[in-house]
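Residue numbers (UniProt numbering), protein chains in the order written: chain A, 1 to 300; chain B, 1 to 373; chain C, 1 to 348. Take a look at the structure set out below.
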C-alpha cells in the first residue's frame, strides 16, 4: 500500500463498510438469540402444543387437538388452586412491601453512612443460602414443638400450630423474598433526591405528607418493580408451599409438578396449567415494563 | 400553623420589628464550625442578600432561617417569634432552591398548588391562586407540562411561583439564578426585582455573585469563614468596605499592606511595606497601626507625565496589558516593586503599550485604609 | 424431597445424575428407593466386581416412571419398580425380558414369588423385598392405639393436622377404599368416588401428603400418626420405643419391590451381576440386618437372627397377610378416576 501515491477515496471505504453494518448487531445478538430460541421459545411452543392435546399421558396414544385441558382448569377445584396461588402471591408481596419499605428507607436514608454497606449485606445475606434450606429452617421453627411456640409459651401466649397451614406459607414466602424487595427498594430510595423532601417541608408538608406525596411517588417505579418481581416469584414458588403448606396449600406450581412427576402424569393438563402460569407471569412483566416506561418518560 | 405564628406576632408587631432576626447564632457540623456568632436583622420588605465565597456559611445561614438546620446556639426569630425549635414545615417562609427541587412527578400546576393543598385551601381558592401565580411568572401555557419538559428559565420561574403562591412572610432564595446562562440571568434579575416590588415581601437571597448582589439588593451581608464581615447597602459595601476581605471580594482592588505614619481625622498617611507613602481615607485610626490600603483599579489614573496636586502619584512601567473593548486592563509595576492593577478608559489620549513608563495617580479620597485582619 | 430423607452419602442428593447416557462411564447406575442400598452394599459389590456403583433416589414409582419416559431410559441399568409399576412398565415396553440363564439363585426366593401376578414367572423382574403399608404412630401423643384405618376418621379432631398420609395415589386412595370394606384395586366408580369423599372429609385434618420426611416430626411429637411403608416404619420403631407400627385390621396393601433392567439399559452385564449379587443369601441377609426390609429371599431369611425373623411387623403372620392385598394396575377408566380424584383431593 502506498497511501501517498494512491489514496483510497473515503467513499470506497464507506461503501465497503456499509453492508457490514448489520453484521455487528447480528454477531452481538446471535448467541443470546439462539439461546433464547432453543431454551425458551421452542420449549414454550412445545408446552403449548402438549397443552392442546386433551388427556395426554406419556406413553399412551392420544386423540387429536382440543381445548379439553383448558376447560378442565375451569373446574372449581382448580380455580380455587389458582385463586390460592394468587392469594399467596398478593398477600406475601404486600407483606414484603410493608415490612421491606421501612427497612429499605432506613438503610437508604437514615442509617449511618459508613455502616450502610455492611448493613445492606447483612440484610441480603439470606439470599445467598439455599431457599430449600431456608424453608426447612422454618419447618423447625414453626412445628408445634418448635422455637416459635417455645417463645410464645414462654411469653404466656397460646401455642400455634401454623406448620402446614397457609399462614406458614405466607411467612415462608415473605421471608424468602423480603431481601429482594429490600434490595430493589433500597436502590430506588437511595436515588431519591432528598432536596425534594426539604422542598416539601418548606412548602408546609409534615414528614408524613412528604412521605406520601413525594417519597412514595418518587420511588413508585422501584416499588412497582420490586412488588412485581416478588409477585412473579411467589406466584410460581414451589419449595415454600410444598415444605411449609402441607396438604392445605396446593398452588399452581405444585399442581403442575404433580401432573408431570406425580402419579397422574397428565402432561396435557400440566401443560395447560403451565401456559396459564406463563401467561400470568408475562402479564405481570408487561405491567412492569409499561409502568417503568411511563415513569422514565416523566423522569427524563 | 404558619398562619398562627404570623397572627400571634402580628399583635406585637411594631413598625421597626425585623422580619427575620438571627441572634448570636452558631452552627457546628461535627468539629466544623459552619457559622459563628451570627447577628443579623432583615427588615420587612427588604431585598437582603447574603454574599460570600463558597463554604463561607451563607447557605447554612439560609437553611437555619428555613428550618432545615437548627442552631447549635443562639436564636432564629421570624416576625418576632423565636422559631429556633420550629420545624421547617411550620415556618412562614418559602424557599426557592438552587436546584429548584421541582417535583418531577407532578405537573407545573400541581407543583405550584402543592403548598396550598397541604394547607387544605378550598379547591376554588387553590385554582385562583395558582392561576395568579402562573400569570405572575408568565407560565400559563405550561400549566399542564411536567418540569422535565421546561427550559431552565421556565423551571426557575416554576420554583419561584411555587414559593410565592403561599404568600410567605419571607422568601428565601438560594442561588436562584446560579444555574442559568448569562443572558437569562440578567433577564431573571430584572424579573426578580419586579416581583419583589410587586409583592412587597421580604426577600433573602444567597449568592456568590457579587454583581448580582449589588444589582438586586437593598442591603448585603458579606460572609467569610462563617462570620459576617459587613452588612450594608451596595454602595456601602463597595465604596466603604470595612475589611480588606470585603474590599477584595466585592469588585477588584489593589491591597497595599502597611503602617500608619500620621493619623488625621478622616485621613491617614501610610507607609507600605515596600516603602510607598500613601495618603488614604480612614476612620478613627491611630499612628503605627497596621493597615491595608485598598485602591480600586478604576480609581487609578495613568499618565505619561507626572501629575500635580496633593494625591498619590508614583512612577512605574506597564508590565501587562489587556484590551477589553470598553477599557484597558493594565498591570503597572511601580519602581518600589509593587504591582497595581489599573483599569483605564479606552481613550486616545493615553497611548500606552507594554514597557511604556507611566505615572499612576489617584486622589486620597479614592483609596481607603482598612484595619489589617 | 426424596433425597433429603436419604442418609447414604453415596446417594445423589441433587436428583438424578443421569441426564443422558450416565451408563457409558462403566459404572453401574441404580435408580432406587431411599433405604435399599447403602455404602456397605455398594462397596462390597465394587470390591467383588470392580464396577463402581452410582445410586440415584426416587420416592415414588411415578417419578421413576416419568424420568424413564422423559429421556432417562438409557441412564440406568437397574430399577426398583414396585409390583403394579412392573405391570405398567411392561405394558409400555420399558423393561428388558430377563435371560434366566444368566441369573443364579432364583431358587432362593420364597415360594409365593415363584410366579407373581404382576409379572408371570418373574420374566422381567426379580422380587427383592416386600412389605406392608400401615400406620406408624407415636404412643406418647397419639389419642389412642390405632387398630384400623378408621382410627383416623374417628379421631380426626384430636388428630387434626397431626396426620400425614403417603403421597402415593394408589396407596392412600386404596387404604381409604379398604377402610370402607372395598378392594385396593376396585374398579367400581361408585366405590372409588365413595373413597374420594371419605378422604376429602379427612383432608383438612391431614398435615401433609408425604412419602418421606415425616420421621422427625413424628419423633418430636408434632405428628401423631403417619401412614408409612413398613420398610420405613420398622427402622423407626427399632430406633425409638415410642414408635409403633400396625397393620390395620381390615387389611393393608402388600407390596413387592423388584429389581428390573430397563429396556434401553446400558451396561447390562453389570446389571445381571448386581441381581446375582443381591440374590446371594449372605449379601441379602447382611443388607437386611442393616437396612431392615423384609427380604423375599428365603435362604437369606433363614440366615437372619431370631429376633428379626420373629419381628411381626417385618414378617407378619399369615392371617394378617391373608386380609391384605397387592396393588395391581387397574383399567384405564379407573386409572382416570383415581387420577382425577387424587388431584382434586390434594388440591382441596
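We put the CB at the ideal spot given by N, CA and C, even for glycine. In this text, all values refer to a predicted model and were calculated from it rather than measured experimentally.
ask   = So, is the C-beta of residue 259/A closer than 9 Å to a C-beta in chain C?
value = yes
inquiry  = If you follow the beta strand (DSSP E) that residue 94/B is in, where does it begin and where does it stop?
reply    = 93-96
ask   = Are the beta-carbon atoms of residue 173/C and residue 196/C separated by less than 9 Å?
value = yes
query = How should residue 139/C be labelled, buried or exposed, when 16 other C-beta atoms within 10 angstroms of its C-beta is the threshold for buried?
reply = exposed
task = Can you say whether residue 221/A is buried or exposed, counting buried as having 16 or more other CB atoms within 10 angstroms of its CB?
result = buried
ask   = Could you give the distance in angstroms between the alpha-carbon of residue 343/C and the alpha-carbon of residue 165/C?
value = 14 Å
request  = Examine the Cβ distances between the region 90-104 of chain B and the region 190-198 of chain A and report whether three or more of them are shorter than 8 Å.
outcome  = yes
request  = Mind checking the region 105-120 of chain B against chain A and listing, in chain order, the residues whose C-beta falls within less than 7 Å of any C-beta there?
outcome  = 105, 114, 115, 118, 119
inquiry  = Just checking: is the beta-carbon of residue 112/A within a distance shorter than 9 Å of some beta-carbon in chain B?
reply    = no
query = Who are the neighbours of residue 95/B on chain A, taking C-beta pairs under 9 Å?
reply = 198, 199, 202, 203
ask   = Leaving out the 5 sequence neighbours to the left and right, which residues in its chain are closer than 6 Å to residue 23/C when beta-carbon positions are compared?
value = Confidence at residue 23/C is low in this model, with a pLDDT of 45, below 50, so its placement is unreliable and the value that follows should be read with caution. Same-chain partners within the cutoff: 29, 77, 266, 267.
Contact check, residue 337/B vs residue 294/B, beta carbons under 9 Å = no
inquiry  = For residue 289/A and residue 240/A, I'd like the C-alpha separation in whole angstroms.
reply    = 28 Å
message = Let me make sure I understand the geometry here. Which of 184/A, 38/A, 130/A, 126/A has the alpha-carbon closest to that of residue 225/A?
response = 184/A
query = What are the start and end residues of each continuous alpha helix (DSSP H) run of 4 or more residues lying completely inside the region 63-120 of chain A, in chain order?
reply = 68-73, 76-105
CB contact check: residue 142/A to chain B, cutoff 9 Å = no
ask   = Going by the beta-carbon positions, is the gap between residue 156/B and residue 176/B smaller than 9 Å?
value = yes
Host alpha helix (DSSP H) of residue 209/A (start-end) = 207-210
Reference residue 99/C; option with closest CA among 86/C, 93/C, 123/C = 123/C
message = Contact defined as beta carbons within less than 8 Å: I believe residue 213/A pairs with residue 205/A. What is the distance between those atoms, to the nearest angstrom?
response = 6 Å
request  = Report the rounded CA-to-CA distance for residue 194/C versus residue 317/C, giving the unit in angstroms.
outcome  = 31 Å
task = Measure from the alpha carbon of residue 146/A to the alpha carbon of each residue in 163/A, 131/A, 133/A, 134/A, then state which is nearest.
result = 163/A
ask   = Which term fits residue 125/A, buried or exposed, when burial requires 16 or more other beta carbons within 10 angstroms of its beta carbon?
value = exposed
key: Of the residues 298/B, 277/B, 200/B, the one placed nearest residue 313/B, counting alpha carbons only   = 277/B
query = Do residue 281/A and residue 235/A have their CB atoms nearer than 9 Å?
reply = yes
inquiry  = Whole angstroms are fine: how far does the CA of residue 178/C sit from the CA of residue 252/C?
reply    = 8 Å
inquiry  = Would the region 61-72 of chain C count as touching the region 105-113 of chain C if we require 3 or more Cβ pairs under 8 Å?
reply    = no
key: Interface positions of the region 54-67 of chain C facing chain A (Cβ-Cβ less than 9 Å), listed along the chain   = 60, 61, 62, 63, 65, 66, 67
ask   = Looking only at C-alpha atoms, which of 326/B, 339/B, 197/B sits nearest to residue 347/B?
value = 326/B
Where residue 147/C falls, given that 16 or more other Cβ within 10 Å makes a residue buried = exposed
request  = Return the first residue and the last residue of the beta strand (DSSP E) that residue 29/B is part of.
outcome  = 20-29
query = Which residue comes first and which comes last in the alpha helix (DSSP H) that contains residue 196/B?
reply = 182-199
query = CB-CB under 8 Å to residue 349/C, same chain, minus the five flanking residues each way: which ones, in chain order?
reply = Residue 349/C lies beyond the range of chain C shown here (1 to 348); nothing can be said about it.
ask   = Can you tell me whether residue 167/C is buried or exposed, with buried defined as 16 or more other CB within 10 angstroms of its CB?
value = buried
ask   = Could you give the distance in angstroms between the alpha-carbon of residue 283/A and the alpha-carbon of residue 44/A?
value = 16 Å
key: Chain-order list of residues whose beta-carbon lies under 7 Å from that of residue 306/B (same chain, five-residue window excluded)   = 313, 359
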